[in-house]
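Participant: Before I ask anything, let me first share the structure, which is written out below as structure tokens.
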Amino acid sequence: MIKTMDSHPPHTASPQSAAPSELSQARADFLKVCDFDFYYGKKQALFKINMEIPQRQVTAFIGPSGCGKSTLLRNFNRMNDLIDGVHHEGDILLNGRSIYDKKIEIIALRRSIGMVFQKSNPFPKSIYENIVYSLRIAGVSNKRILDETVEHSLRGAALWDEVKDRLQDSALGLSGGQMQRLCIARAIANRPEILLMDEPCSALDPIATAKVEDLIHELKHQFTIVIVTHNMQQATRCSDRTAFFYLGKLIEYDETQKIFTNPGEKQTEDYITGRFG
Amino acid sequence: MQTDAPAIEQGGIKEFKRRPDLFRVLCWVASAATVAMLAWIIIEITRQAAPSIQKFGLDFLTNSKWVPNRNIYGVSPFLIGTVVSSVIALIFALPLGLAIAIFLSEDFLPLPVRQFVRFTVEMLAAIPSVVYGLWGIFVVIPLVQAFGAWAVVAFKDIPVLNSIFAPPAYGNSMLTASLVLALMILPTITAISRSALVAVPGTLREGAYALGSTRWEAIFGVILPTAAPGIVAATILALGRAMGETMAIAMLIGNSSRLTSSLLSPAGTLAGLLANQFGEAEGLQVSSLMYAALLLVVITLFVNIAGEAVLRYTQKKTAGIR
Amino acid sequence: MNTATAEPTDFFSGAKAARSSARSLWSKFLSGICVGLALLTLVPLLSIVFLVLKNGLPLLSWNVFTELPPAAGMTGGGFGNAVVGTLLMVGIALALATPFGILSAIYINEYDPYSRLSNAVRFVAKLLTGIPSIICGVFAYAVVVLTTGGFSAWAGGFALAILILPTILLTAEQALLGVSKAYREASYGLGATNFQTIWRVVLPDALPAIMTGIMLAVARAAGETAPLVFTALFSQFWIQSLREPTASLSVLIYNFSTLPFEHQIKMAWTASLVLVILVTIANITAQVVFRRR
Numbered sequence: 230m231i232k233t234m235d236s237h238p239p240h241t242a243s244p245q246s247a248a249p250s251e252l253s254q255a256r257a258d259f260l261k262v263c264d265f266d267f268y269y270g271k272k273q274a275l276f277k278i279n280m281e282i283p284q285r286q287v288t289a290f291i292g293p294s295g296c297g298k299s300t301l302l303r304n305f306n307r308m309n310d311l312i313d314g315v316h317h318e319g320d321i322l323l324n325g326r327s328i329y330d331k332k333i334e335i336i337a338l339r340r341s342i343g344m345v346f347q348k349s350n351p352f353p354k355s356i357y358e359n360i361v362y363s364l365r366i367a368g369v370s371n372k373r374i375l376d377e378t379v380e381h382s383l384r385g386a387a388l389w390d391e392v393k394d395r396l397q398d399s400a401l402g403l404s405g406g407q408m409q410r411l412c413i414a415r416a417i418a419n420r421p422e423i424l425l426m427d428e429p430c431s432a433l434d435p436i437a438t439a440k441v442e443d444l445i446h447e448l449k450h451q452f453t454i455v456i457v458t459h460n461m462q463q464a465t466r467c468s469d470r471t472a473f474f475y476l477g478k479l480i481e482y483d484e485t486q487k488i489f490t491n492p493g494e495k496q497t498e499d500y501i502t503g504r505f506g
Numbered sequence: 087m088q089t090d091a092p093a094i095e096q097g098g099i100k101e102f103k104r105r106p107d108l109f110r111v112l113c114w115v116a117s118a119a120t121v122a123m124l125a126w127i128i129i130e131i132t133r134q135a136a137p138s139i140q141k142f143g144l145d146f147l148t149n150s151k152w153v154p155n156r157n158i159y160g161v162s163p164f165l166i167g168t169v170v171s172s173v174i175a176l177i178f179a180l181p182l183g184l185a186i187a188i189f190l191s192e193d194f195l196p197l198p199v200r201q202f203v204r205f206t207v208e209m210l211a212a213i214p215s216v217v218y219g220l221w222g223i224f225v226v227i228p229l230v231q232a233f234g235a236w237a238v239v240a241f242k243d244i245p246v247l248n249s250i251f252a253p254p255a256y257g258n259s260m261l262t263a264s265l266v267l268a269l270m271i272l273p274t275i276t277a278i279s280r281s282a283l284v285a286v287p288g289t290l291r292e293g294a295y296a297l298g299s300t301r302w303e304a305i306f307g308v309i310l311p312t313a314a315p316g317i318v319a320a321t322i323l324a325l326g327r328a329m330g331e332t333m334a335i336a337m338l339i340g341n342s343s344r345l346t347s348s349l350l351s352p353a354g355t356l357a358g359l360l361a362n363q364f365g366e367a368e369g370l371q372v373s374s375l376m377y378a379a380l381l382l383v384v385i386t387l388f389v390n391i392a393g394e395a396v397l398r399y400t401q402k403k404t405a406g407i408r
Numbered sequence: 183m184n185t186a187t188a189e190p191t192d193f194f195s196g197a198k199a200a201r202s203s204a205r206s207l208w209s210k211f212l213s214g215i216c217v218g219l220a221l222l223t224l225v226p227l228l229s230i231v232f233l234v235l236k237n238g239l240p241l242l243s244w245n246v247f248t249e250l251p252p253a254a255g256m257t258g259g260g261f262g263n264a265v266v267g268t269l270l271m272v273g274i275a276l277a278l279a280t281p282f283g284i285l286s287a288i289y290i291n292e293y294d295p296y297s298r299l300s301n302a303v304r305f306v307a308k309l310l311t312g313i314p315s316i317i318c319g320v321f322a323y324a325v326v327v328l329t330t331g332g333f334s335a336w337a338g339g340f341a342l343a344i345l346i347l348p349t350i351l352l353t354a355e356q357a358l359l360g361v362s363k364a365y366r367e368a369s370y371g372l373g374a375t376n377f378q379t380i381w382r383v384v385l386p387d388a389l390p391a392i393m394t395g396i397m398l399a400v401a402r403a404a405g406e407t408a409p410l411v412f413t414a415l416f417s418q419f420w421i422q423s424l425r426e427p428t429a430s431l432s433v434l435i436y437n438f439s440t441l442p443f444e445h446q447i448k449m450a451w452t453a454s455l456v457l458v459i460l461v462t463i464a465n466i467t468a469q470v471v472f473r474r475r
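This is how it looks when you write it as structure tokens:
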């Protein structure tokens, strides 16, 4: 079930996303977490997490600070492996394959999963170079393909009109909201399967936040999105399913509507109504 | 028209073929070579010194005769010269360096003046050793000669002093070399001491002032004691630098192999010995020079390790204060 | 006067006030001494600069760069070969030391920061900075001069390389540390390998600071004499090959300063002027041109 990396990546296609009915059946367990424990050294951060994240939907992780939602997110593309002394029990499966399978290269995994960080981190390069970075590291150098990718990704991130005349300018000259949308464009440039977003709007003003949220609505037609957020209204607005975490445990996971109107667990209700933050 | 569908259709993970990271190997080799370099230096010098070590053993350090013609080698005058010149240099440089460091960390005078002084000290550090030597020949030697002439007469009948300032008063002398050496290690002491002083948390200063201290009561009572480990580190590292200094010393100290107690007489240091004699040495002389070099390496390594250890200790200590 | 606690203390008169003003006076006096001593440091520096200019300028002309050193007792001539020699040997030193320094820094900062090798490298680099420059010459003597049977520019360059290696390594390490972690995270998140991240993101960003370190090393190496006195020795002639004794500015100053001829001494001052200018330019380039935003 491994997709082959051709030398011409599959975005010579038109920028419009295909209508949902043309795509095959989306998997309900596209990203599946099985009995997952996670430790930073001796400290256990995640306790027996079990969940199935459906394809091409937006799933939100909510919960108070330190509850493990970011930790779990960063395990999906094994970014936590960069930290010394971590280990885990249990498994995480992407489209039926364990991401910890010895035969899978972490590099390959990370190229299949896009990540947007809390504080936007564009490279100190031009806007153009930021976007094509993931293509260059995959060995693509054909200028036509690179140009098309840049336009496609920036359109996809709703940034094209604003920067199309200054693609060679430094990315660091953009505003905060633009930088974050650039990071989103960069993350989707190489057509990842999943887009992980770790509190992407926490450093943005309301207008920029609204733009990013509109973007998420657009992107979910093509990508599976998992978003960690502190902002419950954001979860309500953007996500199809919501998972509530507390102290490293998954307390409740259900359709967003249900979580926020009729939560099953008392803790969930307490958190949503603001009884603790 | 092809849609994006086929790509996502299959799902799953992109393929990537891992190739060995040759660059990493290259970097590893460079690192290993760097570490090996230090070992190689010590081993090679020891190897070259072996004949002399075999012949003289530890007597090399205590013999005071260095006579190439008769293959008699002993470095005690040079060992003592190294230590004495460095210590005297420190005696001059430490108070001066500390004063400058305090000046730079307090606001006696406006910022531009402080920046200018700091720039001056940095310039002093950049001047090549050989230029210090040249300057020393034409400025310091006459001064020391004049001072020496006076001192020899003035201290003639005072015990101890009359052997430290014994006639004849040469220009090329221990005193001359030590003075210039002091100037050369001044930037080291100033820079490290200033860092130590500036690292003293503002809360400590404020506390002292709030209790009604004058500025200097705060400095002596609180700031200097807190910065003391850093100042000690500065001193030790400056000592290490002084012991290794070669050219200016070689040009000013007279390069004598006789042991004397007078500061006004020529003397010699290990580094100066090496600079002067290596060019034309042969056989056992080369070996003995290597032995001397080995001693110099060992001494400076020890001093530098001690200095670094104290520096690391001070960084830990001030890091903890809120 | 009643000293009962009901009375407020008079801050501005009385014994306590007198003591306090004496303390203030003493403090001011000490400040004066401190400032005086600090300004005193200007004196030697000004003296050196003044003398180098005063004694060095008269003979400074283009001849100095195009002619060879005069024989003892003769006038005229220059030290063109010494300038060339210095630049050559500093160049050799850079070519030898820079790869080792930068690649080592990359290993200890990017690949395996906590390994034993990395800790050893950091420790050794610090120690190597404390090695007296004459020892670099002694080592080069043992390794190059004794094995090749003669003095050469290679030996001199090698000695200088040992001298500047730790500086380049440590400044390169600092340069790499200065690269924001966020950039690395973004790169790894996009699925870049270690090498790609280092080559495409980290090194380009660290380059200005690395160049600063290199320029500082150049400044240091150009001014050094001890590593060259018995490795490259000296030469009165233009350089024909790297395998023979080579002149350098610093050794020229050393040799000429002890000669009893006035002209040679003047040459030494002029050479000092050129050397100081060279070193200053390198230092300024390092600190100003490559300064990070």
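Chains as they are written, first to last, in the working numbering: chain A, 230 to 506; chain B, 87 to 408; chain C, 183 to 475. We put the beta carbon where it would ideally sit given N, CA and C, even for glycine.
1) For F261/C, list the residues DSSP reports as bridge partners.
2) Applying a beta-carbon distance threshold of less than 9 Å, which residues of chain A neighbour A391/C?
3) Starting from the N-terminal side, write out each stretch of the alpha helix (DSSP H) that is 4 residues or longer and does not extend beyond the segment 237-309 of chain C.
4) Which term fits L267/B, buried or exposed, when burial requires 16 or more other beta carbons within 10 angstroms of its beta carbon?
5) Just how far apart, CA to CA, sit S171/B and A328/B?
6) Is the beta carbon of V320/C sitting closer than 8 Å to the one on L124/B?
7) Beta-carbon within less than 8 Å of F340/C's beta-carbon, same chain only, minus the 5 sequence neighbours each way: which residues are those?
8) Does DSSP put Y268/A in a helix, in a strand, or in coil?
9) Taking only three categories from DSSP, how would you classify L424/A?
10) Based on the DSSP secondary-structure assignment, which residues constitute the bridge partners of S399/A?
11) Indicate the three-state DSSP secondary structure (helix, strand or coil) for S369/C in the structure shown.
12) Counting only Cβ pairs nearer than 8 Å, list the residues of chain A close to D294/C.
13) Taking the beta carbon of R410/A as the centre, do at least 16 other beta carbons fall within 10 Å, making it buried, or is it exposed?
14) Cα separation between R398/B and L387/B?
15) Does the beta-carbon of W420/C have 16 or more other beta-carbons within 10 angstroms, so that it is buried, or is it exposed?
16) Would you verify that the beta carbon of I454/A is, or is not, closer than 8 Å to some beta carbon of chain B?
17) Would you please state the rounded distance, in angstroms, between the beta carbons of T407/C and S369/C? I believe it to be under 8 Å.
18) Is V286/B near I309/B, with beta carbons less than 8 Å apart?
19) Report yes if the CB atom of V458/C is closer than 8 Å to the CB atom of A401/C, and no otherwise.
20) So L310/C packs on L359/C, CB below 8 Å; how close in whole Å?
21) Check the Cβ of F102/B against every Cβ in chain A and list those closer than 8 Å, keeping chain order.
22) Below 9 Å between beta carbons is the criterion; list the residues of the segment 99-123 of chain B that meet it against any residue of chain A, in chain order.
23) K151/B by DSSP, collapsed to three states: which one?
24) Under the DSSP definition of a beta bridge, which residues are partnered with V225/C?
25) Do Y436/C and R110/B come within 8 Å of each other at the CB atom, strictly closer than that value?
26) Is N291/C buried or exposed, if buried means 16 or more other CB atoms sit within 10 Å of its CB?
27) Please list, in chain order, all residues of the same chain as S250/A whose beta carbon is under 8 Å from its beta carbon, the five residues on each side excluded.
28) Could you check which residue in P421/A, L401/A, Q462/A, V392/A has the C-alpha nearest to that of C430/A?
29) Please state if the CB of L272/B and the CB of A353/B are separated by a distance shorter than 8 Å.
30) Hey, would you say H316/A sits closer than 8 Å to Y357/A, going by beta carbons?
31) Would you mind telling me which residues of chain B sit closer than 7 Å to L285/C, beta carbon to beta carbon, in chain order?
32) Judging by CA-CA distance, which residue of I317/B, S299/B, I174/B is the nearest neighbour of S281/B?
33) For the alpha helix (DSSP H) holding F377/C, just list the boundary residues, first then last.
34) Is DSSP giving A255/A helix, strand or coil here?
35) When you check each C-beta in the segment 357-369 of chain B against every C-beta of chain C, which residues fall closer than 7 Å?
36) Do the segment 373-383 of chain A and the segment 413-421 of chain A make contact, defined as three or more Cβ pairs closer than 8 Å?
Facilitator: Based on what the coordinates show:
1) Here the question's residue 261/C lines up with position 79 in the third sequence. DSSP lists no partner for F261/C.
2) The residue labelled residue 391/C in the question sits at position 209 within the third sequence. What A391/C touches in chain A: nothing, since even the nearest Cβ is about 13 Å away.
3) 245-248, 262-288
4) For this step, residue 267/B is matched to residue 181 along the second sequence. When all chains shown are included, L267/B counts as buried.
5) Within the second sequence, numbered from 1, the residue matching residue 171/B stands at position 85. Within the second sequence, numbered from 1, the residue matching residue 328/B stands at position 242. So the alpha carbons of these two residues sit roughly 8 Å apart.
6) On the third sequence, residue 320/C is found 138 positions in, with the first residue counted as 1. On the second sequence, residue 124/B is found 38 positions in, with the first residue counted as 1. No, they are not a contact pair.
7) Sequence index remark: in the third sequence, residue 340/C carries index 158 (1-based). So the qualifying residues of the chain are I274, A275, L278, A322, V325, V326, T413.
8) Here the question's residue 268/A lines up with position 39 in the first sequence. Y268/A: strand per DSSP, three-state reduction.
9) As a working mapping, residue 424/A is identified with position 195 in the first sequence. Of the three classes helix, strand and coil, the one that applies to L424/A here is strand, per DSSP.
10) Walking along the first sequence from the start, residue 399/A turns up at place 170. Paired residues: S355/A.
11) Walking along the third sequence from the start, residue 369/C turns up at place 187. It is helical.
12) Locating residue 294/C in the third sequence gives position 112, counting from the first residue. Residues of chain A passing the Cβ test: none, with the nearest at roughly 11 Å.
13) For this step, residue 410/A is matched to residue 181 along the first sequence. Under this definition R410/A is a buried residue.
14) On the second sequence, position 312 is the one that residue 398/B refers to. On the second sequence, position 301 is the one that residue 387/B refers to. If I take the Cα positions, the gap works out to 16 Å.
15) For the purposes of this step, residue 420/C is taken as residue 238 along the third sequence, with counting starting at 1. Exposed: under 16 other Cβ atoms inside 10 Å.
16) Sequence index remark: in the first sequence, residue 454/A carries index 225 (1-based). With 8 Å as the cut-off, I454/A does not count as an interface residue toward chain B.
17) Position 225 of the third sequence, counted from the start, is the residue given in the question as residue 407/C. Position 187 of the third sequence, counted from the start, is the residue given in the question as residue 369/C. Incorrect: roughly 45 Å between the Cβ atoms, too far for contact.
18) For the purposes of this step, residue 286/B is taken as the residue at position 200 of the second sequence. For the purposes of this step, residue 309/B is taken as the residue at position 223 of the second sequence. Their beta carbons are under 8 Å apart, which means V286/B touches I309/B by this criterion.
19) As a first step, residue 458/C is located in the third sequence; it is residue number 276 there, counting from the start. As a first step, residue 401/C is located in the third sequence; it is residue number 219 there, counting from the start. No.
20) Mapped onto the third sequence, residue 310/C falls at position 128. Mapped onto the third sequence, residue 359/C falls at position 177. So it is not a contact: roughly 19 Å between Cβ atoms.
21) If you number the second sequence from 1, residue 102/B lands on position 16. Near F102/B (Cβ distances below 8 Å), the residues of chain A are M234, E334, I336, A337, R340.
22) I99, K100, E101, F102, K103, R104
23) On the second sequence, position 65 is the one that residue 151/B refers to. Correct three-state label for K151/B: coil.
24) Working through the third sequence from its first residue, we reach residue 225/C at position 43. Answer is none; V225/C lacks a bridge partner.
25) Here residue 110/B corresponds to residue number 24 of the second sequence, with the count starting at 1. Here residue 436/C corresponds to residue number 254 of the third sequence, with the count starting at 1. No; because the gap between Cβ atoms is not below 8 Å, this pair is not in contact.
26) Position 109 of the third sequence, counting from 1, holds the residue named residue 291/C. It is buried - the Cβ of N291/C has at least 16 other Cβ atoms within 10 Å.
27) Counting from 1 along the first sequence, the entry for residue 250/A is found at position 21. Because S250/A sits at a pLDDT of 40, beneath the cut-off of 50, its placement in the model cannot be relied upon, and the following sentence gives the value as read from the coordinates. Answer for S250/A: no residue qualifies.
28) By one-based count along the first sequence, residue 430/A stands at place 201. Closest option to C430/A, Cα to Cα, is Q462/A.
29) Counting from one through the second sequence, the residue named residue 353/B turns up at place 267. Counting from one through the second sequence, the residue named residue 272/B turns up at place 186. Contact flag unset, no.
30) Residue mapping note: residue 316/A aligns to position 87 of the first sequence, counting from 1. Residue mapping note: residue 357/A aligns to position 128 of the first sequence, counting from 1. Result no, Cβ atoms of H316/A and Y357/A do not sit closer than 8 Å.
31) Here the question's residue 285/C lines up with position 103 in the third sequence. The contacting residues are L112, C113, A116.
32) As a position in the second sequence, residue 281/B is number 195, starting the count at 1. S281/B has its Cα closest to that of I317/B, out of I317/B, S299/B, I174/B.
33) For the purposes of this step, residue 377/C is identified with residue 195 of the third sequence, where counting begins at 1. Element bounds for F377/C: 376-379.
34) For this step, residue 255/A is matched to residue 26 along the first sequence. Residue state, collapsed to three classes: coil.
35) A357, L360, A361, F364, G365
36) yes
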